[in-house]
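Heads up: the structure comes next, in structure tokens.
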């Protein structure tokens, strides 16, 4: 059953984040991740003080694939690039129903 990951990012180093973006898509695809919504042009409907962020929703085939993506030792360098470029919160959403 598909599972969804929400990635919320606050970019702190635009150059470092651009380097991550060049490799991030391939890292997602390795484990079946497919971005389905989001990006820098999101519309903020409410902000209670968290500040500007970018969000991405990624579909994975299942929860195991999402966990394999975030825990893949071969992708450690790519994940480090993301953390160098942005503060992140990454959430695995369980299916409803």
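Residue numbers (UniProt numbering): 1 to 97. Quick reminder that beta carbons are idealized off the backbone N, C-alpha and C, glycines included. Computed from a predicted model, the values in this text were never measured in an experiment.
Cβ pair residue i, residue j closer than 8 Å
i: residue 78; j: residue 23; result: yes
i: residue 86; j: residue 11; result: yes
i: residue 66; j: residue 5; result: yes
i: residue 54; j: residue 36; result: no
i: residue 93; j: residue 27; result: no
Through-space distance from residue j to residue i, alpha-carbon basis
i: residue 7; j: residue 61; result: 17 Å
i: residue 145; j: residue 82; result: Given that the chain is displayed from residue 1 to residue 97, the structure contains no residue 145 and the question cannot be resolved.
i: residue 63; j: residue 49; result: 31 Å
i: residue 2; j: residue 13; result: 32 Å
i: residue 72; j: residue 97; result: 29 Å
Beta-carbon contacts of residue i that lie in its chain and below 6 Å, excluding the five residues immediately before and after
i: residue 89; result: 8
i: residue 20; result: 81, 82 and 85
Any non-hydrogen atom of the ligand FAD closer than 7 Å to residue i Cβ
i: residue 26; result: This structure does not include the ligand FAD; it has no bound ligands of any sort.
Burial state of residue i (16 or more Cβ within 10 Å)
i: residue 44; result: exposed
i: residue 33; result: buried
i: residue 91; result: exposed
Proximal residues to residue i (C-beta, below 8 Å), its chain only, five neighbours per side dropped
i: residue 25; result: 35
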